[in-house]
Amino acid sequence: MDKSFAAIAATAFFLFSQAAWAGSTPAPANAHLYIGYPNDGQVVPAGKPFRVWFGLRNMGVAPKDVKFPNTGHHHLLIDTELPPFDQEIPSDKNHLHFGAGETETQLELPPGKHTLQLLMGDDRHIPHNPPIYSKKITITVK
Amino acid sequence: MLRKMSLAAWLMAMWGIAPAMAERTPSPPNAEAYIIWPADGTVIQGGKFWVRMGLRNMGVCPKGVKLPNVGHHHLLVDTDLPPLGEPIPSDRNHLHFGAGETEARLELPPGKHTLQMLLGDSDHVPHDPPVYSKKISIIVR
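Chains as they are written, first to last, in this note's numbering: chain A, 109 to 250; chain B, 13 to 153.
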């Protein structure tokens with residue numbers, strides 16, 4: 109009851125204030141995004157690519173430009189903070205887009221500490237409401 | 013090349029009609045479906061678990077959407093691959109993930125079970141060539 113009231117309140121807030129704190133595509137409240145591999149704190153060997161698994165529960169994957177309820181596509185944030193939730197996720201070497209519906213990738217990073225975090229984007233690359241992102245993990249390449 | 017030829021021959025033999033082949037959605041030649049978890053031979057206590065469905069060199073897309081190099085997951089439970097030229101059946105042995113899901117919550121009774129993934133196109137028909145995983149066995153206790 110409280111939850112649905114909060115949802116209505118949040119929706120009303122969004123509609124009336126045209127608030128810029130989240131995108132307009134709804135996401136399931138229980139959607140869970142996580143990095144299946146590598147693990148937080150993991151050391152991966154330098155000089156060769158490693159695989160990153162995108163884990164997603166209670167939500168589906170759809171390529172960019174596809175409007176389908178409760179779906180989005182993966183974005184992998186490397187060595188950066190979460191971008192603003194009300195705009196298109198940037199596309200550069202710190203923000204990798206997987207607009208073809210990919211659910212894993214291969215990365216090769218220079219030696220040192222790096223952070224990885226996943227963020228779902230809707231058909232237009234804008235985060236959902238609520239935004240669906242994973243825990244940020246730290247790995248070491250050496 | 014030989015593999016392609018024999019697959020084509022097999023398909024022709026199976027349906028005896030060439031046009032059916034032309035209608036199937038092509039898959040990238042290096043596409044690979046695999047079950048990330050559980051591993052083959054895993055023993056699961058309690059019977060409730062998540063299956064993580066892995067896909068390489070291809071993308072996931074909900075049913076009904078026609079785009080190149082995508083498909084949606086189907087999980088075959090305790091059954092063999094269905095005929096590959098027609099829509100994948102939808103029943104408790106053939107689970108569809110038409111909303112683009114990449115993980116499946118399963119609950120299975122105690123005993124030995126098999127799991128295998130099979131990609132379907134926008135119309136639930138396997139691709140050409142078909143993209144399916146190795147069939148694994150698990151034990152539920």
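The beta-carbon is built from N, C-alpha and C at its ideal position, and this holds for glycine as well. Being a predicted model, the structure only gives us computed values, none of them experimental.
Practice problem: Please confirm if N147 (chain A) has its CB atom under 8 Å from at least one CB of chain B. | Solution: So, not an interface residue.
Quiz item: For chain B, is any of its Cβ atoms less than 8 Å away from the one on A135 (chain A)?
Solution: no
Quiz prompt | Where E189 (chain A) sits in the DSSP three-state scheme | solution = It is coil, neither helix nor strand.
Quiz item: Exposed or buried, what is T246 (chain A) when buried is set at 16 or more other beta-carbons lying within 10 Å of its beta-carbon?
Solution: exposed
Exercise. Locate the beta strand (DSSP E) running through Y241 (chain A), then write down its first and last residues.
Key: Here Y241 (chain A) belongs to no beta strand (DSSP E), and DSSP marks it neither H nor E.
Self-check item: Cβ-based burial, L87 (chain B) [other Cβ within 10 Å; buried from 16]
Solution: The residue is buried, with at least 16 neighbouring Cβ atoms inside 10 Å.
Quiz item: What residues are listed by DSSP as bridge partners for Q128 (chain B)?
Solution: Per DSSP, B:L88.
Exercise. Consider the Cβ of P235 (chain A): report whether some Cβ of chain B lies at a distance smaller than 8 Å.
Key: So, not an interface residue.
Quiz item: What does a CB cutoff of less than 6 Å around K60 (chain B) pick up in its chain, not counting 5 residues either side in sequence?
Solution: E119
Exercise. Under 8 Å by Cβ, that's how I've got G163 (chain A) and R64 (chain B) pegged, so tell me the actual separation to the nearest angstrom.
Key: 7 Å
Quiz item: If you draw a straight line from the alpha carbon of G112 (chain B) to that of K221 (chain A), how long is it in whole angstroms?
Solution: 33 Å
Practice problem: Determine the burial state of Q225 (chain A): buried for a count of at least 16 other Cβ atoms within 10 Å of its Cβ, exposed for fewer. | Solution: buried
Quiz item: Taking 8 Å as the CB-CB cut-off, is A139 (chain A) touching chain B?
Solution: no
Quiz item: Can you list, in chain order, the residues of its chain whose CB lies under 8 Å from that of P219 (chain A), leaving out five sequence neighbours each side?
Solution: A154, V249 and K250
Exercise. Measure from the C-beta of V160 (chain A) to each C-beta in chain B and report whether the shortest distance is under 8 Å.
Key: no
Quiz item: Starting from K201 (chain A) and walking both ways along the beta strand (DSSP E), at which residues does that stretch end?
Solution: Premise fails: K201 (chain A) is in no beta strand (DSSP E) and is neither H nor E.
Quiz item: Opposite G66 (chain B) in the DSSP bridges: which residues?
Solution: B:Y46
Self-check item: Cβ of V169 (chain A) within 8 Å of any chain B Cβ
Solution: yes
Practice problem: Between the Cα of A45 (chain B) and those of B:L130, B:I148 and B:I150, spot the shortest distance and give me the residue it belongs to. | Solution: B:L130
Quiz item: E115 (chain B) lies in the beta strand (DSSP E); which residues open and close that run?
Solution: E115 to E119
Quiz item: Should L185 (chain A) go down as buried or exposed, given a rule of 16 or more other Cβ atoms within 10 Å for buried?
Solution: With 16 or more neighbouring CB atoms inside 10 Å of its own CB, L185 (chain A) falls in the buried class.
Quiz item: What number of angstroms, rounded off, separates the C-alpha of L217 (chain A) from the C-alpha of D148 (chain A)?
Solution: Straight-line Cα distance between these residues: approximately 16 Å.
Quiz prompt | Under the three-state DSSP convention, the category E212 (chain A) falls into | solution = strand
Self-check item: Cutoff 8 Å: I100 (chain B) Cβ touching any chain A Cβ
Solution: No, I100 (chain B) does not count as interfacial toward chain A.
Quiz item: Can you name, in chain order, every residue of its own chain whose Cβ lies under 8 Å from the Cβ of F146 (chain A), other than the five neighbours on each side?
Solution: Per the sequence shown, the amino acid found at residue 146 (chain A) is Pro instead of Phe. Around P146 (chain A): V152, F158, V160, L224, I245 and I247.
Quiz item: Exposed or buried, which one is G66 (chain B) when buried takes at least 16 other CB atoms within 10 Å?
Solution: Buried, by the Cβ-count rule.
Exercise. Answer yes or no: do V143 (chain B) and M70 (chain B) have a C-beta to C-beta separation smaller than 8 Å?
Key: Result yes, Cβ atoms of V143 (chain B) and M70 (chain B) sit closer than 8 Å.
Quiz item: Residues of chain B with CB under 8 Å from A154 (chain A), in chain order?
Solution: Within chain B, no residue comes near A154 (chain A); the closest Cβ sits about 23 Å away, beyond 8 Å.
Exercise. Using a Cβ-Cβ cut-off of 8 Å, state whether G132 (chain B) counts as contacting chain E.
Key: Of the protein chains in the structure, A and B, none is chain E.
Exercise. With distances taken Cα to Cα, identify the nearest neighbour of L141 (chain A) among A:Q214, A:K201, A:L227 and A:S199.
Key: Selected option, being the one with the closest Cα: A:L227.
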